[in-house]
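Input: a single structure, listed below in structure tokens.
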């Protein structure tokens, strides 16, 4: 009888997500200095919440991904090195393309996007770099491995054709992903309809790219692409803006 989940993969994902949950804190504090008054409790809270949330996301995500047919070719495949070679270049490329597309989609929002960019230029580069691990790993485990797999599985169970189920799951999880960024955005500006639309559109662009990579090439491909996109958005673009300002 096969195991419920691959426990080695589960603990690797859980550990990486919890570490990512801690690494993102300096970035959050830089954007919202009021958080600094909580001191070490921020890290304790992130550790506890990370263990709870990502234990659930990793465990059920691994079960559901297998049922739907999604894969983790590096963590669970037989030829890990070859799998990495096959996905590394395309994943980085699509991540960079996603980052550039997000910048272009942000341009019509003018002053709002400029305000958000100026806020990020105040964040130390090292903090933005560390935060990219949270996006690349933790957000992908939560949004792709768990939520997208769950939605696709539910739809397939009620006999929606598989490809349609996956596309619906991609779109819905992209919207959820965008809305999930609003709490931090609310620390920087007033939440309005335009702000919500911007969050959904910008994050939705990335989410669709990462979701397609998850579907076609596996979770690790989505992870690499998301990390690459975050490097473009949170490290390179603010650095260029700071140099030019």
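Residue numbers (this note's numbering): 2 to 246. We put the CB at the ideal spot given by N, CA and C, even for glycine.
* Could you check what DSSP says for residue 160 in three-state terms: helix, strand or coil? => Residue mapping note: residue 160 aligns to position 159 of the chain shown, counting from 1. The answer is coil: DSSP assigns residue 160 none of H, G, I, E or B.
* Asked: Does the distance from the C-beta atom of residue 124 to that of residue 228 stay below 8 Å?
  -> The residue labelled residue 124 in the question sits at position 123 within the chain shown. The residue labelled residue 228 in the question sits at position 227 within the chain shown. Contact flag unset, no.
* Give the straight-line distance between the Cα atoms of residue 91 and residue 38, rounded to the nearest whole angstrom. => On the chain shown, residue 91 is found 90 positions in, with the first residue counted as 1. On the chain shown, residue 38 is found 37 positions in, with the first residue counted as 1. Distance between the alpha carbons of residue 91 and residue 38: 42 Å.
* Asked: Mapping DSSP to helix, strand and coil, what is residue 4?
  -> Looking up residue 4 in the chain shown gives position 3. Coil.
* Distance between residue 168 and residue 133 (C-alpha atoms, nearest Å) -> Counted from its first residue, the chain shown places residue 133 at position 132. Counted from its first residue, the chain shown places residue 168 at position 167. Each residue's alpha carbon lies about 26 Å from the other.
* Asked: If we ignore side chains and look at the alpha-carbon of each, how far apart do residue 2 and residue 78 end up?
  -> In the chain shown, counting from the first residue as 1, residue 2 sits at position 1. In the chain shown, counting from the first residue as 1, residue 78 sits at position 77. Low per-residue confidence applies at residue 2: pLDDT is 40, beneath 50, and the placement is therefore not dependable enough to give any value.
* What do you reckon, are the CB atoms on residue 141 and residue 220 nearer than 8 Å? -> Residue numbering aside, residue 141 sits at position 140 when the chain shown is read from its first letter. Residue numbering aside, residue 220 sits at position 219 when the chain shown is read from its first letter. Yes; because the gap between Cβ atoms is below 8 Å, this pair is in contact.
* Measure the CB-CB distance between residue 1 and residue 230 and report whether it falls below 8 Å. => The requested residue 1 does not occur in the structure, where the chain is confined to residues 2 to 246.
* To do: Tell me, to the nearest whole angstrom, how far the beta carbon of residue 60 is from that of residue 6; I am working on the premise that it is less than 8 Å.
  => For the purposes of this step, residue 60 is taken as the residue at position 59 of the chain shown. For the purposes of this step, residue 6 is taken as the residue at position 5 of the chain shown. With 8 Å as the limit, residue 60 and residue 6 qualify as a contact, their Cβ atoms being about 6 Å apart.
* Asked: Quick one: what's got a C-beta closer than 8 Å to residue 114's C-beta in the same chain, skipping five residues either side?
  -> Taking the chain shown and counting its residues from 1, the one referred to as residue 114 is at position 113. Excluding sequence neighbours, residue 114 sits near 107, 108, 199.
* To do: Tell me whether residue 231 sits in a helix, a strand or coil according to DSSP, three-state version.
  => For the purposes of this step, residue 231 is identified with residue 230 of the chain shown, where counting begins at 1. DSSP places residue 231 in helix when its eight states are reduced to three.
* To do: Give me the Cα-Cα distance between residue 116 and residue 147, rounded to the nearest whole angstrom.
  => Position 115 of the chain shown, counted from the first residue, corresponds to residue 116. Position 146 of the chain shown, counted from the first residue, corresponds to residue 147. C-alpha separation (whole angstroms): 33 Å.
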